[in-house]
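Data first, discussion second: the structure below is written as structure tokens.
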Amino acid sequence: MNVEAPIEGPRFTPVALFICGSLLIWAGDFLAAYVIAALACAKGWIELTVVGVPLVAFVGTVLTLAACLGTIAILRFAVKRLQANGQLDASMRFIYFLAAALGMLALIAILYTALPAWLLATECGRS
Amino acid sequence: MSARDPARALPNPLPRPPDELERLEKVWEPPKGWRLLSAVNNTWIGLFYIGAALLFLVLGGILALVMRTQLAVPENDLVDYDLYNQLFTMHGSVMMFLFAVPVIEAIGILLLPAMLGARDLPFPRLSAYAFWAYFAGGIVFFGTIFFDVAPDGGWFMYPPLTSFEFSPGLRADFWLLGIGFIEISAIAGAIEIVVGILRTRPPGMTLDKMPVYVWAMLIVGGMIIFGFPPVILATALLELERAFHWPFFVAEQGGDSLLWQHLFWLFGHPDVYIIFLPGAGLVSMIIPTMARTSLVGYKWVVLAIVATGFISFALWVHHMFATGMPHLTTSFFSAASMAVAIPAGIQVFAWLATLRRGRVRLATPTWFILSFFGIFVLGGLTGVMLAVSPYDWQVHDTYFVVAHLHYVVIGGMVFPVFAGIYYWAPFVSGKQLSERMGKWACALMFGGFNLAFFPMHISGLLGMPRRVWTYSDTLGWDVWNMLSTVGAFVLALGFAIALLDLLLHLRPAGKVDTNPWQAATLEWLPIDNYGVRSIPHITSREPLWDNPALRQEVDDGRHYLPGTMLGERETIVTSAIDARPEYLLRLPGPSWLPVLAGLGTAAFFLSLTVKAFVASAIGAIIALVSIFKWLWQSEPAPTNRLYDVGGGVKLPDHIVGRRSHSWWATVVLMLVDGTIFSCLLFAYFYFWTVSARWPPPPFDLPDGVTSIAAAIALVASAGVFFVAHRWLRDSLGRGSLVALLIAATVLAWTALAFHFMALSDANVRPDQHAYGAVLYTMLAWQGLHVVLATLMGGYTAARALAGMIDAMRRNTFDNTQLMAYYTVAQGLVVLLAMHAPRMS
Chain A
1 MNVEAPIEGP
11 RFTPVALFIC
21 GSLLIWAGDF
31 LAAYVIAALA
41 CAKGWIELTV
51 VGVPLVAFVG
61 TVLTLAACLG
71 TIAILRFAVK
81 RLQANGQLDA
91 SMRFIYFLAA
101 ALGMLALIAI
111 LYTALPAWLL
121 ATECGRS
Chain B
1 MSARDPARAL
11 PNPLPRPPDE
21 LERLEKVWEP
31 PKGWRLLSAV
41 NNTWIGLFYI
51 GAALLFLVLG
61 GILALVMRTQ
71 LAVPENDLVD
81 YDLYNQLFTM
91 HGSVMMFLFA
101 VPVIEAIGIL
111 LLPAMLGARD
121 LPFPRLSAYA
131 FWAYFAGGIV
141 FFGTIFFDVA
151 PDGGWFMYPP
161 LTSFEFSPGL
171 RADFWLLGIG
181 FIEISAIAGA
191 IEIVVGILRT
201 RPPGMTLDKM
211 PVYVWAMLIV
221 GGMIIFGFPP
231 VILATALLEL
241 ERAFHWPFFV
251 AEQGGDSLLW
261 QHLFWLFGHP
271 DVYIIFLPGA
281 GLVSMIIPTM
291 ARTSLVGYKW
301 VVLAIVATGF
311 ISFALWVHHM
321 FATGMPHLTT
331 SFFSAASMAV
341 AIPAGIQVFA
351 WLATLRRGRV
361 RLATPTWFIL
371 SFFGIFVLGG
381 LTGVMLAVSP
391 YDWQVHDTYF
401 VVAHLHYVVI
411 GGMVFPVFAG
421 IYYWAPFVSG
431 KQLSERMGKW
441 ACALMFGGFN
451 LAFFPMHISG
461 LLGMPRRVWT
471 YSDTLGWDVW
481 NMLSTVGAFV
491 LALGFAIALL
501 DLLLHLRPAG
511 KVDTNPWQAA
521 TLEWLPIDNY
531 GVRSIPHITS
541 REPLWDNPAL
551 RQEVDDGRHY
561 LPGTMLGERE
571 TIVTSAIDAR
581 PEYLLRLPGP
591 SWLPVLAGLG
601 TAAFFLSLTV
611 KAFVASAIGA
621 IIALVSIFKW
631 LWQSEPAPTN
641 RLYDVGGGVK
651 LPDHIVGRRS
661 HSWWATVVLM
671 LVDGTIFSCL
681 LFAYFYFWTV
691 SARWPPPPFD
701 LPDGVTSIAA
711 AIALVASAGV
721 FFVAHRWLRD
731 SLGRGSLVAL
741 LIAATVLAWT
751 ALAFHFMALS
761 DANVRPDQHA
771 YGAVLYTMLA
781 WQGLHVVLAT
791 LMGGYTAARA
801 LAGMIDAMRR
811 NTFDNTQLMA
821 YYTVAQGLVV
831 LLAMHAPRMS
């Protein structure tokens, strides 16, 4: 009897990361955008521009694009697997559904929380 | 496949061996009389936990009634401002820390084993420890109100109001250290819940077949793991400031009181969802049963729970809109605060659609659910209003916010919990509670709640600030306050009737064989002290609806593990994703050790508060000795046999490596640990951001050469562990293993000494500036881990010398190794962070 036999079936960590991947990307994007904005206001970088675009808006756009691309990749992979319906059992279909649906939700969240970087890119005023 | 399929073969045949059930009953027999307090299985601990949480609900409610009586009329002098400050602080703290979070964990601990068809969750003694630490500490913490030493800085304890300068004495310390053991207790509960859900599901219960409540508890367990560490760190920093004058929150010395708010609300906002999501999970279980139809949009509800868990961590700054943060940064959180309404809305629509589709049975749980809808949705709507920062500026710190938070918390959690109490009471006692009393309780709670809290929206909009102990009769707040007070007493009457119903009619029974609501999920299988007679094989999300014969099959012992294999308490551990049986877990029986460890932990923290250092040390020693003694009994010698649990499934009674449940628990603990450390790093970089120069003059950077020496010693320590691990798999002798453990420990201490030298040589002191304070805190945190690794190493060495560690029995070593690796990685990051300014 081997009590250290290799793990059969899908492993937990990759599956969990796949399901939550798009939300993790959103979280990373959100945190990075917030940190950049906070630093810009704290360090007086708010007036800096990159190719004529305010720093916060530029970095925000790059981050948003990168996050969207990552999320779309997960979404696309999950949808492709779902379309190959016959090869999946109910459990795996559920996993791909969650990844795809959370991907869509994350995409909305990424774009929605990117708005401040575009609309208020130079607004460090306080109330 | 179901029982309707005649070809279906069940895992175990009839008749069962004559003594099988008798042996099972004997092994799981609970202790009698007062010894019942030493019970550890989660059915008993869950009941203790719920009872204690309800006790704190009553105590916190009494405080609220005193406050409402004081505010009933203007210029009242029933209590003075000083006592009033203690009352609102204790009310908030008791309700959030001693009632809300514990009751949701308690319900989980009670229901989850049955809902998962498991005999018990994997760490019964950990649950018992969590309960006793919480209960003993909570009672003493509450008792401070009778000795005029209760905290008085509000439940979020903002510095500088709570600093040593403005809040001398012990009051704030009681909060800071008193909350410590509650945090430990909550995290212990979360470890049990997360590992339990992932590893003790019944065979066949894949992720798509998990009940929604189980999903909610899994996500909430994860949220506790990542949500509680910020407040653990915050309380530690404020206590260090109060005790040793390390100026984390003192602006003149480079500190920043906003750091507290960031850390507190990084915990505080997810905490709202930590409380709400289990309530929503309960609702998702009760509604389909009461509507006699499947939950509409199961997949979307799960999606909403997962999404809420994530988004809730991006909302914390909406509690800080009025602090003067830049509009740009607050706007991110405004957007996220609105976005979280989407998943909440998905759940509400799914519930409404389920009710619309089914034939609703209007019993007491249904009435509580309907009340929940009205109250929670209104609280959610005012939440969206508060997410708009200009609106928030207008009503910040007014009674509008008090109304909002009570609509969300009482609506989102208390009403579902009472629905759950009425729904699951037969699960505990075999009998329903009184429908008549339940309906009266619900009506009075719903009416009283709205009468108490709806007028607060208006008094808030009229400008009444929260936390005022009295007000002038010229302000026009009289009527609204009188209405709120009358409503509070009506609400209390509703609670009293419900609790009286519980006292009169709830008697825990041993054997329970009832399904009064004709529910679909596994907790309604016949159960006894041992849980289910046999662990069912699951083929659908609603097993009792799809296979009405399942109750009988399970009770006849026809599914897995119908008896005891080794004459001990056992359950089946399954794989995390596809619930495939992996091994037989031998569970511990009743013991006083968790009780002693819990009481010792509470004594440690509370004695520390009153600076009774000897008593505190005794408490710590009692806790540590008890924990090590109970650990000594864990990982019993494997029998090296395979046990047939039915259906041809043969399982070992022991496993090592990544499939072991203890490995999972250690990893979860390290996630907690790593999150605390990440928050500490956040504090370091936060100070760096708000400082004009870093390091601030006149301080120097720590010495580079000494720091490199520390890094080398750390890496060497990890290397020794790596070698020991490799050799242990090839039958390393016990003497050599002990020698390697000693070498690794010496190297870790050497690294710590170099680390300290690097700081002290740079003339950095912790009490001069936030720079020194945060560097020394990182050193102290690393030191704490070295101490912990030393204790674990010593324990591992002791087990090795006793012949209890070898290649096939080495979970203790593996766990110590994980902690050692974590300590090394953390130490390296600390050293890097210390020298990061060189790169700027």
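Protein sequences, first through last, are from chains A and B.
If you count by our numbering, then the first sequence holds residues 1 to 127, one letter each, in order.
If you count by our numbering, then the second sequence holds residues 1 to 840, one letter each, in order.
Just so you know, even glycine gets a beta-carbon here, dropped at the ideal spot from N, CA and C.
These numbers were taken from a predicted model, which means no experiment stands behind them.
Buried versus exposed, by CB contacts within 10 Å (16 or more), residue i
i, result
"Gln-70/B", "buried"
"Glu-530/B", "Here residue 530/B is Tyr; the residue named in the question, Glu, does not match the sequence. By the neighbour-count rule (16 or more Cβ atoms within 10 Å), Tyr-530/B is buried."
"Asn-2/A", "Note that Asn-2/A scores a pLDDT of 46, beneath 50, so its modelled location is shaky; the value from the coordinates is reported in the next line. It counts as exposed."
"Arg-201/B", "buried"
"Phe-135/B", "buried"
"Thr-474/B", "exposed"
"Gln-633/B", "exposed"
"Arg-4/B", "In this predicted model, Arg-4/B has a pLDDT of only 44, less than 50, meaning its place in the structure is not dependable; the value taken from the coordinates is given anyway. Classification of Arg-4/B: exposed, given that the 10 Å Cβ count is below 16."
Rounded straight-line distance, which links the Cα of residue j to that of residue i
i, j, result
"Ala-7/B", "Tyr-298/B", "Residue placement at Ala-7/B is flagged as unreliable, the pLDDT there being 47, under the threshold of 50; the coordinate-derived value follows with that caveat. For Ala-7/B and Tyr-298/B, the distance between alpha carbons rounds to 30 Å."
"Leu-111/B", "Pro-698/B", "58 Å"
"Ser-2/B", "Ile-538/B", "Because the pLDDT at Ser-2/B is just 41, under 50, the model does not fix this residue reliably, and the point stays unresolved."
"Pro-247/B", "Leu-258/B", "13 Å"
"Pro-702/B", "Ala-350/B", "58 Å"
"Val-27/B", "Gly-567/B", "7 Å"
"Phe-373/B", "Ala-353/B", "13 Å"
"Arg-533/B", "Gly-657/B", "30 Å"
"Trp-45/A", "Thr-689/B", "13 Å"
"Thr-574/B", "Asp-80/B", "58 Å"
"Thr-609/B", "Phe-166/B", "18 Å"
"Ala-236/B", "Val-738/B", "34 Å"
"Gly-324/B", "Val-59/A", "24 Å"
"Ala-419/B", "Ile-274/B", "18 Å"
"Ser-284/B", "Ile-410/B", "17 Å"
Nearest residue (CA-CA) to residue i, options the options
i, options, result
"Pro-636/B", "Leu-585/B, Trp-316/B, Leu-503/B and Thr-398/B", "Leu-585/B"
"Leu-65/A", "Thr-113/A, Val-51/A, Leu-82/A and Ala-99/A", "Thr-113/A"
"Ile-535/B", "Ala-509/B, Thr-609/B, Gly-646/B and Ala-620/B", "Gly-646/B"
"Ala-33/A", "Ala-314/B, Gly-345/B and Trp-632/B", "Ala-314/B"
"Ala-72/B", "Trp-477/B, Pro-390/B and Phe-276/B", "Trp-477/B"
"Arg-171/B", "Phe-141/B, Glu-568/B, Ile-184/B and Ala-443/B", "Phe-141/B"
"Trp-663/B", "Leu-198/B, Met-67/B, Leu-14/B and Val-302/B", "Leu-198/B"
"Leu-240/B", "Val-214/B, Asp-173/B and Gly-196/B", "Asp-173/B"
"Gln-768/B", "Arg-838/B, Leu-121/B, Ile-184/B and Phe-249/B", "Phe-249/B"
Beta carbon of residue i nearer than 9 Å to that of residue j
i, j, result
"Ile-179/B", "Ile-225/B", "no"
"Ser-312/B", "Pro-270/B", "yes"
"Ala-128/B", "Ser-591/B", "yes"
"Ala-133/B", "Glu-105/B", "no"
"Phe-368/B", "Thr-382/B", "no"
"Ile-375/B", "Phe-267/B", "no"
"Met-90/B", "Gly-60/B", "yes"
"Glu-25/B", "Asp-528/B", "yes"
"Val-214/B", "Leu-116/B", "yes"
"Leu-82/A", "Ala-100/A", "yes"
"Gly-309/B", "Leu-263/B", "no"
"Phe-94/A", "Leu-295/B", "no"
"Phe-164/B", "Arg-242/B", "yes"
Please name the residues in the segment 255–278 of chain B whose beta-carbon is closer than 9 Å to at least one beta-carbon of chain A, in chain order.
So the list is empty, because no residue satisfies the distance condition.
Which residues, taken in chain order from the segment 66–100 of chain A, show a beta carbon closer than 7 Å to some beta carbon of chain B?
Listed in sequence order: Ala-90, Ser-91, Phe-94, Ile-95, Phe-97 and Leu-98.
Closer than 7 Å, Cβ to Cβ, to anything on chain B: give me those residues from the segment 110–121 of chain A, in chain order.
Per Cβ criterion, the list reads Tyr-112, Thr-113, Leu-115, Pro-116 and Leu-120.
Compile a chain-ordered list of the residues in the segment 215–242 of chain B whose CB is closer than 8 Å to at least one CB of chain A.
Near chain A, meaning a CB-to-CB distance below 8 Å, no residue of the segment 215–242 of chain B qualifies.
Near-chain B residues of the segment 53–66 of chain A (beta-carbon distance less than 8 Å), N- to C-terminal order:
Contact annotation: in the segment 53–66 of chain A, residues whose CB is within less than 8 Å of a CB in chain B are Val-56.
Along the segment 566–595 of chain B, where does the CB come closer than 8 Å to a CB of chain A? Name the residues.
Taking 8 Å as the Cβ-Cβ cut-off, the segment 566–595 of chain B approaches chain A at Ser-575, Ala-576, Ile-577, Asp-578, Arg-580 and Tyr-583, given in chain order.
Using a beta-carbon distance cut-off of less than 7 Å, what residues from the segment 25–43 of chain A approach chain B?
Cβ contacts with chain B: Ala-27, Phe-30, Ala-33, Tyr-34, Ala-37, Ala-38, Leu-39, Cys-41 and Ala-42.
To be precise: take each residue of the segment 696–730 of chain B, compare its Cβ to all Cβ atoms of chain A, and keep it if any distance is under 7 Å. Which residues remain?
Answer set for the segment 696–730 of chain B: empty.
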